[in-house]
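*Asks:* Numbering (my numbering), first residue to last: 144 to 295.
Structure follows, in structure tokens:
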């Protein structure tokens, strides 16, 4: 199992960041367009038990995935787990902590490589590099939106 961690400080409250990121439409909005993230079934706002069906492009292939929100504490955290998707396992903890400058967003992603043919072409390092690129883009988008007052 591999672990990816990312932190970002935003100039807004934990509640504002949480409310923004619990909307799948906003996740698509801040995702790198090259990722091709498209929700095919998702609620307007996630809550515990919500199911997110989506597709994305990675390593030049379109992948479909289903994730479920298995833990949800308003303004503090939500936890999503892959039920179906390209990896053997994917768990993503989204945390929102108060910070003197606003909020600290902490993302922790645990994953396992798939078996089969796809597993032969992937490595933990490749996936971590891809996550770093995606979170770099996402961080820039979030900073821009927070500085513009769109996340309040």
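C-beta: ideal position from N, C-alpha, C; glycine also.
Predicted model only: the values in this text are computed from it and were never measured.
(1) For residue 261, write down the residues that DSSP places opposite it in a beta bridge.
(2) With a Cβ-Cβ cutoff of 8 Å, do residue 212 and residue 202 count as a contact?
(3) For residue 217 and residue 163, which I take to be in contact (beta-carbon distance under 8 Å), what is that distance rounded to the nearest angstrom?
(4) So, helix, strand or coil for residue 287, using DSSP?
(5) Here's a check: name, in chain order, each residue in its chain whose Cβ is nearer than 7 Å to the Cβ of residue 247, leaving out the five neighbours to either side.
(6) Do you know offhand how far residue 287's Cα is from residue 174's?
(7) Helix, strand or coil: how does DSSP classify residue 165 here?
(8) Leaving out the 5 sequence neighbours to the left and right, which residues in its chain are closer than 8 Å to residue 264 when beta-carbon positions are compared?
(9) Looking at the secondary structure, which residues open and close the beta strand (DSSP E) in which residue 179 lies?
(10) From residue 252 to residue 148, what distance separates their C-alpha atoms?
(11) Provide the residue(s) that pair with residue 250 in DSSP beta bridges, ordered along the chain.
(12) If you draw a straight line from the alpha carbon of residue 244 to that of residue 236, how long is it in whole angstroms?
(13) How many Å lie between residue 268 and residue 255 at the Cα?
*Replies:* If we stick to the structure as given:
(1) Here residue 261 refers to the residue found at position 118 of the chain shown. DSSP output for residue 261 lists no bridge partner at all.
(2) Here residue 212 refers to the residue found at position 69 of the chain shown. Here residue 202 refers to the residue found at position 59 of the chain shown. No, the Cβ-Cβ distance between residue 212 and residue 202 is not below 8 Å.
(3) Here residue 217 corresponds to residue number 74 of the chain shown, with the count starting at 1. Here residue 163 corresponds to residue number 20 of the chain shown, with the count starting at 1. Residue 217 to residue 163, Cβ: 13 Å. No contact.
(4) On the chain shown, residue 287 is found 144 positions in, with the first residue counted as 1. Correct three-state label for residue 287: helix.
(5) Here residue 247 corresponds to residue number 104 of the chain shown, with the count starting at 1. 150, 152 and 240, listed in sequence order.
(6) Locating residue 287 in the chain shown gives position 144, where the first residue counts as 1. Locating residue 174 in the chain shown gives position 31, where the first residue counts as 1. Distance between the alpha carbons of residue 287 and residue 174 is about 13 Å.
(7) Taking the first residue of the chain shown as 1, we reach residue 165 at position 22. Reduced to three states, the DSSP call for residue 165 is coil.
(8) In the chain shown, counting from the first residue as 1, residue 264 sits at position 121. Closer than 8 Å at the Cβ level, and outside the excluded window around residue 264, lie 202.
(9) Stepping through the chain shown from its first residue, residue 179 is reached at position 36. Neither: residue 179 is in no beta strand (DSSP E) and is coded neither H nor E.
(10) As a working mapping, residue 252 is identified with position 109 in the chain shown. As a working mapping, residue 148 is identified with position 5 in the chain shown. Distance between the alpha carbons of residue 252 and residue 148: 6 Å.
(11) What you label residue 250 is simply residue 107 of the chain shown in a count that begins at 1. 149 and 237.
(12) The sequence position of residue 244 within the chain shown is 101, counting from 1. The sequence position of residue 236 within the chain shown is 93, counting from 1. Whole-angstrom Cα-Cα distance: 22 Å.
(13) Here the question's residue 268 lines up with position 125 in the chain shown. Here the question's residue 255 lines up with position 112 in the chain shown. C-alpha separation (whole angstroms): 12 Å.
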